[in-house]
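> Sequence lines, in order, name chains D and X.
The first sequence stops at residue 103 when you use the numbering used here, and every number in between is there.
The second sequence stops at residue 188 when you use the numbering used here, and every number in between is there.
Below is one structure. I have some questions about it.
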Amino acid sequence: MSGLLALEHDVYAEHTLIVLDRTGDTKVEWDNEKAPEVENARRTFNELRGKGYAAYRMKKDGSKGEVIRDFDTHAERLILAPPMVGG
Amino acid sequence: MATILPTFLTNDTGVDIAGYNVAAATDCTYAATTGVYLTYTTGYTVICNSNAITIQAPGVTFNEPDPEMVREWERQCAQRMTEEVASQERAKRLLLMMLTAAQRADYERHGFFVVVGQSGKRYRVRRGRHGNVYELNARETPIASYCASPLGVPDEDAMLAQKLQLENDEAEFLRVANRTAIAA
Numbered sequence: 017m018s019g020l021l022a023l024e025h026d027v028y029a030e031h032t033l034i035v036l037d038r039t040g041d042t043k044v045e046w047d048n049e050k051a052p053e054v055e056n057a058r059r060t061f062n063e064l065r066g067k068g069y070a071a072y073r074m075k076k077d078g079s080k081g082e083v084i085r086d087f088d089t090h091a092e093r094l095i096l097a098p099p100m101v102g103g
Numbered sequence: 005m006a007t008i009l010p011t012f013l014t015n016d017t018g019v020d021i022a023g024y025n026v027a028a029a030t031d032c033t034y035a036a037t038t039g040v041y042l043t044y045t046t047g048y049t050v051i052c053n054s055n056a057i058t059i060q061a062p063g064v065t066f067n068e069p070d071p072e073m074v075r076e077w078e079r080q081c082a083q084r085m086t087e088e089v090a091s092q093e094r095a096k097r098l099l100l101m102m103l104t105a106a107q108r109a110d111y112e113r114h115g116f117f118v119v120v121g122q123s124g125k126r127y128r129v130r131r132g133r134h135g136n137v138y139e140l141n142a143r144e145t146p147i148a149s150y151c152a153s154p155l156g157v158p159d160e161d162a163m164l165a166q167k168l169q170l171e172n173d174e175a176e177f178l179r180v181a182n183r184t185a186i187a188a
């Protein structure tokens, strides 16, 4: 599959937490109007941060990344990556 | 004798089995005639069934495995390989989505892309996960390689994690990574 085709097939919600894992990734979406969804995303974020995951806030197109330490309900994309291990 | 990649083990990167790190166990073999034995270069043998992995020290003889167990292992192995392919495709889609157009073109064409760290240094991230990050000089020549990646994710997830950390937390990447200078 070409990259462009792949991009066309991915549809994301307004706010999405993307966790890098053995399946490729797991997405947790939330709507700021729905408190249980926000709480679920926040809980996932905090649990993985507690395990040493690095958290990045991104724009939808993948630009303007920055490291964050606290859950941001207004973020378009959050990416959580497992901790780096030196080889 | 058919040689296959034991997908259920390669995904369990970082797991230490009998003192042998399975992250490096890509050279183990599956002998179709003798069953579910994965013999490592260390001499240890790993026996796999539906719910357990048993480690056998070198020099111990095994009984012939139960054919039903072999079939079940083969079924599980095929399933894991399917899952691994799917996870690699998901990881590639996400990586491509997070790359700029120029990085995407480089990656599709050459198997690497270049990221600029917070310091302004340029790094080439090649397809892979171990020692696949290269610091470039002004002539785009690699002057050092770095080895640091997250465990338990497909390669292209690892590359995305490397890109994100180099761009947004370069000092932490350099702190963790093992650096090897490349002779001119």
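The beta carbon of each residue, even a glycine, is placed where N, CA and C say it ideally should be.
On a predicted model such as this, the values are computed, not experimentally measured, just so you know.
For D:G40, which residues in chain X fall below 9 Å Cβ to Cβ?
A90, S91, Q92, E93, R94, A95, K96, R97, L98, V157, P158, E160, D161
> Ends of the alpha helix (DSSP H) at D:N62?
51 to 66
> Is there a C-beta anywhere in chain X that falls below 7 Å from the one on D:L36?
Cβ-Cβ to chain X under 7 Å: yes for D:L36.
> What do you reckon, are the CB atoms on X:I147 and X:E139 nearer than 7 Å?
yes
> Tell me the rounded alpha-carbon separation between X:Q92 and D:K76.
22 Å
> Measure from the C-beta of X:P154 to each C-beta in chain D and report whether the shortest distance is under 7 Å.
yes
> So is the beta-carbon of D:E30 under 6 Å away from any non-hydrogen atom of the ligand PLP?
Among the components of this structure there are no ligands whatsoever, and the ligand PLP is therefore not found.
> Determine whether the Cβ of D:E82 lies closer than 7 Å to any Cβ atom of chain X.
Proximity of D:E82 to chain X, defined by a Cβ-Cβ separation below 7 Å, is satisfied.
> Smallest Cα separation from X:L170: which of X:Y127, X:N136, X:E144?
Minimum Cα distance to X:L170 is reached at X:Y127.
> Quick one: give me the first and last residue of the beta strand (DSSP E) that X:E139 is part of.
For X:E139, the enclosing beta strand (DSSP E) begins and ends at 137 to 140.
> Please report the Cβ distance between X:Y150 and X:A181, rounded to the nearest whole angstrom; I am assuming they are in contact, meaning their Cβ atoms lie under 8 Å.
4 Å
> What first and last residue would you give for the alpha helix (DSSP H) that runs through D:D37?
Run containing D:D37: none in the alpha helix (DSSP H); it sits in the beta strand (DSSP E), 31 to 37.
> Find the residues of chain D that neighbour X:F177, judging by a C-beta separation of less than 7 Å, and give them in chain order.
M100
> Might you give, ordered along the chain, the residues of its own chain that have their beta carbon closer than 8 Å to the beta carbon of X:L189, omitting 5 neighbours on each side?
The requested residue 189 of chain X is not part of the displayed model; chain X covers only 5 to 188.
> Decide if X:C32 is buried, meaning its Cβ has at least 16 other Cβ atoms within 10 Å, or exposed.
Residue placement at X:C32 is poorly supported in this model, since its pLDDT is 37, which falls under 50; the coordinates still yield a value, given next. Counting Cβ neighbours within 10 Å, X:C32 comes out buried, since at least 16 surround it.
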